[in-house]
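From first to last, the protein sequence lines stand for chains D and P. Residue numbering for the first sequence follows numbering that gives the first Met the number 0, starting at 0 and increasing by one per position. Residue numbering for the second sequence follows numbering that gives the first Met the number 0, starting at 0 and increasing by one per position.
There are 2 protein chains.
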Amino acid sequence: MKNKAITSRTEDFARWYDDVVRAAKLATYSGVKGCVILEPNGYAIWENIQKTLDGMFKETGHQNVNMPVFIPESLLMKEAEHVEGFAPEVAWITHGGHNELEERLCFRPTSETLFSEYYANTVKSHRDLPKLYNQWVNVCRWEKETRPFLRSREFLWQEGHTIHETAKEAEEETLRMLMVYKKFFEEYLAIPAIVGQKTEKEKFAGAEYTYTIEALMYNGVSLQSGTSHYFGQKFSKPFNITFSNKNNELEYVYQTSWGVSTRMIGGLIMVHSDDNGLVLPPKIAPRQVAIVPIKMEENVMAKAEEILAKLSAAGITAFIDRSDKSPGFKFAEHETNGIPVRIEIGPKDMEANQLTVARRDTREKMVISLDEDIVKYVQDLMENIQNNLFEAAKKRRDELTFTATNMEEFEKIMRTQPGFVKAMWCGDEDCELKIKEIRGTKSRCIPFEEEQEHISDTCVCCGKPAKTMVVWGIQY
Amino acid sequence: MKNKAITSRTEDFARWYDDVVRAAKLATYSGVKGCVILEPNGYAIWENIQKTLDGMFKETGHQNVNMPVFIPESLLMKEAEHVEGFAPEVAWITHGGHNELEERLCFRPTSETLFSEYYANTVKSHRDLPKLYNQWVNVCRWEKETRPFLRSREFLWQEGHTIHETAKEAEEETLRMLMVYKKFFEEYLAIPAIVGQKTEKEKFAGAEYTYTIEALMYNGVSLQSGTSHYFGQKFSKPFNITFSNKNNELEYVYQTSWGVSTRMIGGLIMVHSDDNGLVLPPKIAPRQVAIVPIKMEENVMAKAEEILAKLSAAGITAFIDRSDKSPGFKFAEHETNGIPVRIEIGPKDMEANQLTVARRDTREKMVISLDEDIVKYVQDLMENIQNNLFEAAKKRRDELTFTATNMEEFEKIMRTQPGFVKAMWCGDEDCELKIKEIRGTKSRCIPFEEEQEHISDTCVCCGKPAKTMVVWGIQY
Chain D
0 MKNKAITSRT
10 EDFARWYDDV
20 VRAAKLATYS
30 GVKGCVILEP
40 NGYAIWENIQ
50 KTLDGMFKET
60 GHQNVNMPVF
70 IPESLLMKEA
80 EHVEGFAPEV
90 AWITHGGHNE
100 LEERLCFRPT
110 SETLFSEYYA
120 NTVKSHRDLP
130 KLYNQWVNVC
140 RWEKETRPFL
150 RSREFLWQEG
160 HTIHETAKEA
170 EEETLRMLMV
180 YKKFFEEYLA
190 IPAIVGQKTE
200 KEKFAGAEYT
210 YTIEALMYNG
220 VSLQSGTSHY
230 FGQKFSKPFN
240 ITFSNKNNEL
250 EYVYQTSWGV
260 STRMIGGLIM
270 VHSDDNGLVL
280 PPKIAPRQVA
290 IVPIKMEENV
300 MAKAEEILAK
310 LSAAGITAFI
320 DRSDKSPGFK
330 FAEHETNGIP
340 VRIEIGPKDM
350 EANQLTVARR
360 DTREKMVISL
370 DEDIVKYVQD
380 LMENIQNNLF
390 EAAKKRRDEL
400 TFTATNMEEF
410 EKIMRTQPGF
420 VKAMWCGDED
430 CELKIKEIRG
440 TKSRCIPFEE
450 EQEHISDTCV
460 CCGKPAKTMV
470 VWGIQY
Chain P
0 MKNKAITSRT
10 EDFARWYDDV
20 VRAAKLATYS
30 GVKGCVILEP
40 NGYAIWENIQ
50 KTLDGMFKET
60 GHQNVNMPVF
70 IPESLLMKEA
80 EHVEGFAPEV
90 AWITHGGHNE
100 LEERLCFRPT
110 SETLFSEYYA
120 NTVKSHRDLP
130 KLYNQWVNVC
140 RWEKETRPFL
150 RSREFLWQEG
160 HTIHETAKEA
170 EEETLRMLMV
180 YKKFFEEYLA
190 IPAIVGQKTE
200 KEKFAGAEYT
210 YTIEALMYNG
220 VSLQSGTSHY
230 FGQKFSKPFN
240 ITFSNKNNEL
250 EYVYQTSWGV
260 STRMIGGLIM
270 VHSDDNGLVL
280 PPKIAPRQVA
290 IVPIKMEENV
300 MAKAEEILAK
310 LSAAGITAFI
320 DRSDKSPGFK
330 FAEHETNGIP
340 VRIEIGPKDM
350 EANQLTVARR
360 DTREKMVISL
370 DEDIVKYVQD
380 LMENIQNNLF
390 EAAKKRRDEL
400 TFTATNMEEF
410 EKIMRTQPGF
420 VKAMWCGDED
430 CELKIKEIRG
440 TKSRCIPFEE
450 EQEHISDTCV
460 CCGKPAKTMV
470 VWGIQY
């Protein structure tokens with residue numbers, strides 16, 4: 000039985016996405032142009048993401064802070080490439096109350112400039128280093144299009160900002176945090192991730208280089224899902240962030256930043272969900288188990304309560320659906336909302352000493368004995384679902400990962416069934432621009448050495464000798 | 000030994016406050032005018048506050064959401080009293096990128112208008128009610144003065160927003176959440192709180208009435224620490240938030256909102272801290288126990304590790320200070336930072352089979368045997384500190400709570416040692432304005448019936464028959 004409120008994923012992916020977001024009550028368009036309201040089911044996923052990632056940041060020695068949301072225009076202007084990259088898409092505050100401001104302020108699109116000013120005022124000696132900060136905040140980029148979780152003028156994210164004594168330490172940090180993201184994507188979001196370096200053209204405005212984590216959606220479109228930037232001394236020089244090193248010489252610090260956003264929720268939806276609505280990996284699902292009593296009879300409810308107590312005691316997030324809707328309606332609702340496991344129990348089950356367990360990912364139903372250890376059963380099942388979702392996503396990604404050695408092959412892939420395309424590149428930006436003419440295809444990343452493959456000797460575009468393999472894709 | 004970086008509290012309270020904020024590295028002024036940077040030690044307190052309060056909100060059935068940060072001018076204008084109250088202090092966004100906006104947007108000073116629009120679009124039937132929402136966000140009010148945690152143009156808070164079928168339910172919610180705040184203040188922040196209703200003059204712009212939670216600082220100045228508003232149908236009518244009730248008639252919803260902010264951290268400082276720096280109640284301290292090895296010798300470190308493991312296993316947040324500073328320096332630093340309990344252990348202690356425990360609140364030191372159950376000892380001590388801080392704050396507040404029956408008495412109190420003044424009031428705003436002439440004294444609240452006292456028959460100001468007792472105070 001297909002959910003009629005949801006367009007088929009194969010028929011119209013964009014409408015399917017909007018339908019899932021609406022049907023699972025994750026988010027809704029707001030009356031404020033370009034802005035989105037995160038509804039309880041959507042925000043709860045963000046809370047779980049925050050809790051897990053925040054723990055990982057703290058384990059790696061980072062501390063949370065909170066910088067101002069406003070950046071004076073003169074501060075934003077201090078690093079030339081940075082301002083050039085961001086000025087076209089910032090929102091400007093020009094009035095406070097009834098008065099015009101002497102200097103206009105932008106709503107932070109990112110906070111390198113604010114952290115840099117703070118570092119310059121507080122860091123003096125190598126003993127003050129490293130500084131390993133993070134903040135969970137809202138940022139604003141004046142986008143034209145709006146799609147919940149993928150693109151909106153205001154969005155929620157975390158931005159890590161660190162400074163170090165040496166280039167080596169800062170470069171290690173840049174890589175470390177990329178790998179934290181990769182671990183989080185694979186182990187929690189069950190999304191296989193490609194990591195690597197952005198090309199010069201695609202790197203962050205103001206960075207020496209940018210690492211990126213790229214995921215492939217069900218429809219073969221890529222999603223840039225997180226980035227980690229190495230700044231070297233590109234901010235520390237104009238902002239004059241100096242420290243006296245171990246030889247008592249004044250030196251500029253080495254800097255990084257890294258971030259992921261609510262966009263990851265868009266990725267979760269487009270990788271795992273189906274025509275029946277949301278599918279969530281158990282490790283990130285706000286509610287893991289729905290217990291549905293088929294009839295609200297005393298012995299059924301007592302059993303439901305007993306199961307709830309056992310699951311809760313084991314740290315599983317479960318609830319009993321006591322609403323007066325029909326069981327069929329409840330089943331559909333919990334499927335739409337992506338609750339990984341459903342337990343059904345009714346008077347007949349009680350007589351037969353059994354209950355039914357339904358898993359959301361495959362929609363299989365299993366009948367098990369009431370004598371079975373339900374906690375262990377659910378724990379094993381959730382582990383199985385978590386792994387199954389990852390494997391299915393990986394299989395899909397591998398099926399949609401192609402190679403091309405010339406532009407004809409390249410274009411044919413992108414015009415029929417797009418995906419990741421591995422192809423060689425000469426290193427010239429002109430070739431990137433030419434490839435972009437194919438449905439906006441961009442270089443996703445230059446994979447690290449161990450992931451490099453030799454697809455051909457020559458650049459897929461110009462035919463000159465190739466320097467490296469690049470993964471290309473159409474992007475959100 | 001007094002901390003020399005901190006001005007004496009009795010000598011200059013304002014400087015003492017700034018010194019404690021700086022010395023304990025809680026927050027610092029930012030280069031962005033009117034804005035403050037929350038540093039790791041300060042933000043960690045906010046994280047603990049959030050975690051605890053968020054749990055209390057969820058226990059009372061609330062769900063977190065996230066509304067846009069922008070409010071179009073026309074939306075803000077919909078409720079007349081509300082816009083009149085907030086328009087003078089909002090920040091206006093007028094440009095996005097290089098383009099002027101067709102309609103300017105304000106940075107939310109509070110979000111009643113955004114929630115109201117959302118309710119109007121989503122609520123249809125009494126089955127959709129109640130809606131019990133909360134959000135943890137930044138807001139902006141264009142203040143002239145700046146003081147960390149007390150007053151800044153941007154600050155962090157939570158705002159609860161709910162709608163209900165009946166006035167009775169909404170009024171119960173307004174009171175319920177005030178009482179949640181009171182419980183949190185008394186049991187976690189160890190701050191005794193007076194609750195009651197704001198006068199018409201002091202209520203929230205757009206509310207039918209406002210409940211408030213008021214605390215008294217060490218210097219006798221009051222701090223409005225949280226508010227809970229009953230709106231009745233004052234927003235639901237202009238925003239057209241209707242639902243079909245059980246008789247299938249269209250009706251306007253009844254609405255509430257309630258909020259507390261990082262201002263509570265200012266309260267924590269000004270109620271508990273002393274000339275040696277920050278003092279934190281154990282239940283809200285990000286780090287509860289500092290273990291200081293007097294010498295980094297093997298058997299000392301092994302014992303420190305053993306104690307750390309035991310405390311951590313019991314859910315106590317402890318750490319070993321392994322830095323190469325001198326023990327005396329470490330003691331002073333942990334005192335300044337307000338860590339409730341310090342454990343000192345050195346080679347001589349090991350020989351004598353003992354260790355030293357220091358409590359931050361009274362600065363007492365206790366020598367205890369290594370055979371003692373350290374976990375139980377620390378748990379009992381922290382409970383003792385928590386209670387002691389509450390009792391000391393309550394004693395101080397009671398000492399600084401006065402009564403006045405005429406303006407001469409009233410003025411004398413406020414000009415010598417201010418505090419809470421209980422005095423009768425006729426209900427006339429003119430008397431409030433007259434009382435305000437005494438160092439800006441305002442009505443803090445009209446306490447609930449059970450806290451009412453009969454101080455005199457007549458209004459403290461005009462001498463006409465009194466209607467009610469009011470608690471008055473000078474405010475931050």
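For glycine and all other residues, C-beta sits at the position ideal for the given N, C-alpha and C.
Going along chain P, which residues have a C-beta under 7 Å from residue i?
i                 : result
Tyr42 of chain D  : Asn63, Val64 and Asn65
Pro87 of chain D  : Gly96 and His97
Tyr117 of chain D : Ile36
Glu78 of chain D  : Result: empty, since nearest Cβ-Cβ is about 15 Å, beyond 7 Å.
Glu46 of chain D  : Asn63
Rounded to whole angstroms, what's the CA-CA distance from residue i to residue j? Just pull it up for me.
i                 : j                 : result
Asn120 of chain D : Cys105 of chain D : 21 Å
Thr255 of chain P : Leu222 of chain D : 40 Å
Gly426 of chain D : Val35 of chain P  : 45 Å
Phe85 of chain D  : Lys233 of chain D : 16 Å
Glu537 of chain D : His97 of chain P  : Residue 537 of chain D lies beyond the residue range present for chain D, which begins at 0 and ends at 475; the question has no answer from this structure.
Glu72 of chain P  : Lys421 of chain D : 49 Å
Met176 of chain D : Lys130 of chain D : 14 Å
Val179 of chain D : Met55 of chain D  : 7 Å
His453 of chain D : Thr400 of chain D : 15 Å
Gln49 of chain P  : Gln134 of chain P : 11 Å
Leu100 of chain P : Thr209 of chain D : 33 Å
Helix, strand or coil: which one does DSSP assign to residue i?
i                 : result
Gly472 of chain P : strand
Ser256 of chain D : strand
Asp480 of chain D : No answer is possible for residue 480 of chain D: it lies beyond the span of chain D, which begins at 0 and ends at 475.
Cys430 of chain P : helix
Asn275 of chain P : coil
Gln223 of chain D : strand
Leu399 of chain P : coil
Val459 of chain D : coil
Val377 of chain D : helix
Met349 of chain P : helix
Val366 of chain D : strand
Give the residues of chain P in contact with residue i, contact being defined as C-beta atoms less than 8 Å apart.
i                 : result
Val31 of chain D  : Pro67, Phe69, Ile70, Pro71, Leu74, Leu104 and Leu113
Pro39 of chain D  : Gln62, Asn63, Val64 and Tyr132
Asn137 of chain D : Val68, Val136 and Asn137
For residue i, return the contacting residues in chain D, with the cut-off set at a CB-CB distance below 7 Å.
i                : result
Gly95 of chain P : Ala90 and Trp141
Assuming residue i is part of the beta strand (DSSP E), what are its boundary residues?
i                 : result
Thr355 of chain D : Gln353 to Arg358
Gly84 of chain D  : No beta strand (DSSP E) holds Gly84 of chain D; the alpha helix (DSSP H) holding it covers Ala79 to Phe85.
Ile342 of chain P : Val340 to Ile344
Gln134 of chain P : Lys130 to Cys139
Glu102 of chain P : Asn98 to Phe106
Gly54 of chain D  : Taken as a continuous stretch (DSSP letters only), Gly54 of chain D belongs to no beta strand (DSSP E), being part of the alpha helix (DSSP H) at Pro39 to Glu58.
Ala189 of chain D : First-last for Ala189 of chain D: undefined, no H or E at that position.
For a contact meaning CB atoms closer than 9 Å, what does residue i contact in chain D?
i                 : result
Cys430 of chain P : Within 9 Å Cβ-Cβ: nothing; Cys430 of chain P doesn't reach chain D, min ~29 Å.
First and last residue of the alpha helix (DSSP H) that includes residue i?
i                 : result
Lys167 of chain D : Ala166 to Glu186
His333 of chain D : Pro326 to Thr335
What does residue i touch in chain D if you count any residue whose Cβ is under 8 Å from its own?
i                 : result
Leu155 of chain P : Asn65
Practice problem: Count the C-beta pairs between the region 12-32 of chain D and the region 281-299 of chain D that are closer than 8 Å, then say yes if the count reaches three, no if not. | Solution: Two segments are said to touch when three or more pairs of C-beta atoms, one from each, lie closer than 8 Å; by this definition the region 12-32 of chain D does not touch the region 281-299 of chain D.
Practice problem: Evaluate the contact criterion for the region 170-183 of chain P versus the region 458-468 of chain P: three or more CB pairs, one atom per stretch, below 8 Å. | Solution: By the Cβ test, the region 170-183 of chain P is not in contact with the region 458-468 of chain P, since fewer than three Cβ pairs between them sit closer than 8 Å.
Practice problem: Determine contact between the region 312-326 of chain P and the region 258-267 of chain P, defined as no fewer than three beta-carbon pairs at a distance below 8 Å. | Solution: no
Quiz item: Counting Cβ pairs closer than 8 Å, one from the region 68-78 of chain D and one from the region 34-49 of chain D, do we hit at least three?
Solution: no
Quiz item: Below 8 Å, can you find three or more Cβ-Cβ pairs linking the region 392-404 of chain P to the region 201-218 of chain P?
Solution: yes
Quiz item: Hey, is the region 264-278 of chain P in contact with the region 148-164 of chain P, meaning 3+ C-beta pairs nearer than 8 Å?
Solution: The region 264-278 of chain P vs the region 148-164 of chain P: in contact.
Quiz item: Looking at C-beta atoms only, is the number of pairs between the region 56-67 of chain D and the region 63-72 of chain P that lie closer than 8 Å three or more?
Solution: Pairwise C-beta distances place the region 56-67 of chain D out of contact with the region 63-72 of chain P, as fewer than three of them are shorter than 8 Å.
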